[in-house]
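In full-length UniProt numbering, the protein residues as written are 1 to 212.
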């Protein structure tokens with residue numbers, strides 16, 4: 001059992017089993033194609049002058065399994081600096097408990113620090129098949145002008161409070177743009193779609209709108 005420190009990148013209790021990931025697992029090609037676009041746009045990446053030099057941004061897609069109906073594949077923690085990923089840079093989330101804030105995963109990499117936030121959204125929005133968590137200063141600063149729903153500025157990333165806030169927003173509001181901005185997570189936002197291509201298209205539209 002691996003329990004990350006509160007000040008670490010991962011802020012949930014993680015039960016993690018290292019394993020070899022199938023180099024041809026279903027969805028790998030579309031995951032990498034979509035991630036490469038997001039990396040080129042700067043929505044995913046790493047910058048020595050931002051966020052204490054830590055990598056940022058991640059994406060996931062549902063991979064429902066017979067034994068694990070809530071499973072999803074997500075980019076591994078601190079892979080933002082890599083322009084292209086391989087199967088070894090992904091983690092398979094098998095199950096999670098939002099109430100206890102713990103998560104079970106396997107793979108060659110530990111899951112992203114925002115995996116619990118992805119889990120909260122998947123649980124609340126059954127139609128969501130893919131999620132993108134990106135960072136972009138213009139989208140973040142113009143959240144209100146763009147008509148985007150936001151979580152409170154006093155809720156930091158990767159915490160039980162963020163997962164709870166995400167679910168509260170989704171219960172109380174129906175975001176018309178399938179996007180929530182995290183005011184307590186500098187430049188952070190989360191977008192979802194019926195598939196990864198739709199989610200990427202939503203991000204592209206947000207970038208265009210923020211640039212106008």
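All C-beta atoms in this analysis are idealised placements derived from N, C-alpha and C, irrespective of residue type, glycine included.
Taking buried to mean at least 16 other C-beta atoms within 10 Å of its own C-beta, is residue i buried or exposed?
| i | result |
| --- | --- |
| residue 67 | exposed |
| residue 211 | exposed |
| residue 62 | buried |
| residue 52 | exposed |
| residue 173 | exposed |
| residue 162 | buried |
| residue 8 | Any reading at residue 8 needs caution, since the residue's pLDDT is 36, under 50, leaving its predicted position unreliable; the model's value is listed next. That one is exposed. |
| residue 17 | exposed |
| residue 64 | exposed |
| residue 171 | exposed |
| residue 120 | buried |
| residue 128 | buried |
| residue 78 | buried |
Of the residues the options, which one's Cα is nearest the Cα of residue i?
| i | options | result |
| --- | --- | --- |
| residue 97 | 14, 137, 139 | 14 |
| residue 125 | 77, 44, 187, 167 | 167 |
| residue 110 | 72, 103, 91 | 91 |
| residue 80 | 132, 192, 22 | 132 |
| residue 118 | 30, 33, 193 | 193 |
| residue 72 | 49, 122, 54 | 122 |
| residue 69 | 78, 50, 89, 104 | 104 |
| residue 99 | 116, 48, 47, 19 | 116 |
| residue 141 | 175, 47, 185 | 185 |
| residue 178 | 148, 153, 204 | 148 |
| residue 106 | 54, 175, 19, 153 | 19 |
| residue 139 | 153, 205, 85, 54 | 205 |
What residues in its chain sit with their C-beta under 6 Å from that of residue i, if we drop five residues either side in the sequence?
| i | result |
| --- | --- |
| residue 150 | 143, 181, 183 |
| residue 165 | 151, 155 |
| residue 137 | 187 |
| residue 190 | 133, 180 |
So, for residue i: in the same chain, excluding its five sequence neighbours on each side, which residues have a beta-carbon less than 7 Å away from its beta-carbon?
| i | result |
| --- | --- |
| residue 160 | 101 |
| residue 39 | 45, 83 |
| residue 41 | 207 |
| residue 11 | 4, 113, 158, 159 |
| residue 135 | 43, 56, 57, 187, 188 |
| residue 87 | 21, 22, 23, 25, 28 |
| residue 209 | 146 |
| residue 95 | 68, 70, 104 |
| residue 169 | 149, 151, 180 |
What does a CB cutoff of less than 8 Å around residue i pick up in its chain, not counting 5 residues either side in sequence?
| i | result |
| --- | --- |
| residue 59 | 31, 34, 35, 38, 44, 74, 75, 130, 131, 132, 133, 196, 199 |
| residue 176 | 147 |
Ordered list of alpha helix (DSSP H) runs contained in the stretch 150-180, each at least 4 residues: 160-172
List in chain order: all unbroken beta strand (DSSP E) runs of 3+ residues lying wholly within the stretch 75-159. 90-97, 102-107, 130-135, 149-151
Which runs of the alpha helix (DSSP H) spanning at least 4 residues fall entirely within the stretch 18-50, listed in chain order? Entirely contained in the stretch 18-50, the alpha helix (DSSP H) runs reaching 4 residues are, in chain order, 28-40.
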